[in-house]
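Report on the structure given below.
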Amino acid sequence: MKATARANTNIALIKYWGKRDEKLFLPMNRSLSITLDGFYSTTTVEFTEELKEDKLIINESPGSNEDRNKISDFLTKIRNVAGTNLYATVTSENNVPTAAGFASSASGFAALAAAATKALGLDLKDEDLSVIARQGSGSACRSIYGGYVEWDMGTRADGRDSVAKQLLDEKEWKLTILSTIVAPERKKVSSRDGMKRTVETSPYYQGWLNTVSYDLMEAKSAIKERDFQRLGEVMESNSLKMHATMLGARPPILYWDSGTVEIMNCIMQLRSTGIPAYFTIDAGANVKVICLPEYEEEIKRVLMELKGVLQVISCYPGKGVSYIE
Ligand code: PMV
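Quick note: the sequence shown uses my numbering, first residue 16, plus one each step.
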């Protein structure tokens with residue numbers, strides 16, 4: 016009744032933004048990500064007869080009420096699949112800087128899904144685990160797999176076909192992903208609320224939906240051909256389009272701070288001098304810069320000189336979920 020699993024976080028190159036079903040976490044569009052080797056969650060789940068409610072320990076302290084409720088709701092979905100009423104102790108260590116606004120929900124829910132299902136003796140295939148992880152946090156369905164991963168939005172109302180799959184193993188194309196930390200505070204609007212508001216109020220959201228399939232096709236073909244420039248161009252454009260939809264929301268959502276804009280300008284400037292690098296930004300102020308490994312040190316040095324940059328961490332494509340005995 017006890018198991019431990021580890022999952023890496025992932026960065027979307029083609030973003031998921033907007034749900035068509037809030038309860039089942041069904042997305043409005045397909046998305047594509049790279050699982051990163053640098054940031055992960057290690058989670059132990061133990062179900063016992065003794066507990067009267069679920070217990071949570073995150074990084075050695077009790078999580079917030081909000082976290083506990085989210086995790087308990089998620090465990091109930093797994094309890095329903097396994098046909099049990101038992102409560103669990105969840106102990107999670109995240110080496111993801113959550114306070115700095117890095118998405119930790121992807122690694123967190125992927126590791127939790129894997130550990131909880133294993134603890135209950137469910138022997139699931141990766142697809143089934145991906146469907147379960149999705150119902151904790153959409154982006155978690157992609158962290159089940161390593162390397163380059165696509166999340167198919169699916170069409171079924173029950174979400175059985177809204178599942179991620181691996182496109183390319185992590186060892187097959189080594190790119191460098193530089194994770195920059197610019198803002199130490201927590202993000203202002205959760206991705207859950209941000210996407211809901213955008214779907215409901217932004218006049219630009221339809222433009223997003225009209226073009227995201229093309230972006231995804233372009234990114235898949237660039238990955239297949241290992242065409243870095245093509246991948247970088249479509250990735251950067253897709254990220255800026257997602258942020259443009261949010262700027263059109265009422266009230267508007269702006270995740271950037273001055274360091275974010277400084278990095279964007281710096282990367283565009285570097286490109287004009289012939290250095291191939293591209294950026295992408297999730298629902299927060301931090302920026303991820305993607306480059307070929309041979310340019311890593313030079314770009315890192317330039318980024319570290321920027322006023323608004325606190326830290327730059329090198330990541331590479333990483334593996335999918337694993338179990339720890
Ligand atoms: O799954 P969530 O709630 O962490 O939302 C993820 C949203 C983005 O990070 C902005 C995009 C993505 O596809 O990961």
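Beta carbons are placed, not taken as given, at the ideal position from N, Cα and C, and that holds for glycine.
Among residues of its own chain, excluding the 5 on either side of residue i, which ones have a beta-carbon nearer than 7 angstroms to its beta-carbon?
i, result
"Pro-218", "Gly-263"
"Asp-82", "Leu-71, Ile-73"
"Ala-298", "Lys-202, Ser-206, Gly-209, Tyr-270"
"Thr-275", "Val-197, Ile-296, Ala-300, Val-302"
Can you name, in chain order, every residue of its own chain whose Cβ lies under 6 angstroms from the Cβ of residue i, other than the five neighbours on each side?
i, result
"Phe-62", "Met-16, Leu-101, Ala-103, Ala-134"
"Arg-149", "Phe-40, Cys-156"
"Thr-216", "Ala-264, Arg-265"
"Phe-89", "Gly-151"
"Arg-35", "Leu-41, Met-43"
Mind reading off the beta-carbon distance from residue i to residue j? Whole number of angstroms is fine, and I expect it under 8 angstroms.
i, j, result
"Leu-321", "Ile-278", "7 angstroms"
"Ile-192", "Ser-254", "Not a contact, Cβ separation roughly 13 angstroms."
"Glu-108", "Thr-57", "5 angstroms"
"Asn-25", "Ile-196", "So it is not a contact: roughly 18 angstroms between Cβ atoms."
"Val-178", "Ser-145", "5 angstroms"
"Glu-165", "Leu-47", "5 angstroms"
"Gly-98", "Gly-335", "Going by Cβ atoms, the distance from Gly-98 to Gly-335 rounds to 27 angstroms, so no, they are not a contact pair."
DSSP has residue i in a bridge; who is on the other side?
i, result
"Phe-40", "Looking at the DSSP assignment, Phe-40 forms no beta bridge with any residue, so it has no partner."
"Ile-72", "Pro-77, Thr-106"
"Asp-167", "Val-178"
"Arg-21", "Thr-57, Ser-337"
"Arg-330", "According to the sequence displayed, residue 330 carries Cys and not Arg. Answer by DSSP bridge pairing, in chain order: Ile-192."
"Cys-306", "Thr-191, Ala-292"
"Lys-34", "Pro-42"
"Ile-12", "The first residue shown for the chain is 16 and the last is 340, placing residue 12 beyond what the model contains."
"Leu-183", "Tyr-163"
"Phe-62", "Ala-103"
For residue i, verify whether its CB is less than 6 angstroms away from any heavy atom of the ligand PMV.
i, result
"Lys-30", "yes"
"Ser-56", "no"
"Ala-27", "yes"
"Asp-297", "yes"
"Ser-145", "no"
"Ser-46", "yes"
"Gly-123", "no"
"Gly-153", "yes"
"Ser-120", "yes"
"Ser-206", "yes"
What do you get for residue i, buried or exposed, if any count of 16 or more other CB atoms within 10 angstroms of its CB means buried?
i, result
"Tyr-55", "buried"
"Ile-339", "exposed"
"Gly-333", "buried"
"Pro-42", "buried"
"Asp-69", "buried"
"Thr-288", "exposed"
"Ser-236", "exposed"
"Thr-213", "buried"
"Gly-136", "exposed"
"Met-261", "buried"
"Ser-80", "The sequence given here has Asn at residue 80, not Ser. Answer is exposed; the Cβ neighbour count stays below 16."
Between residue i and the rest of its own chain, which residues show a CB-CB distance below 8 angstroms, the 5 nearest in sequence each way excluded?
i, result
"Lys-85", "Gly-151"
"Leu-252", "The displayed chain sequence assigns Ser, not Leu, to residue 252. Taken in chain order, the residues that qualify are Asp-230."
"Met-257", "Lys-30, Trp-32, Trp-223"
"Glu-64", "Leu-101"
"Ile-147", "Lys-92, Ile-93, Val-96, Ala-128, Thr-132, Leu-139"
"Ser-228", "Asn-44, Arg-45"
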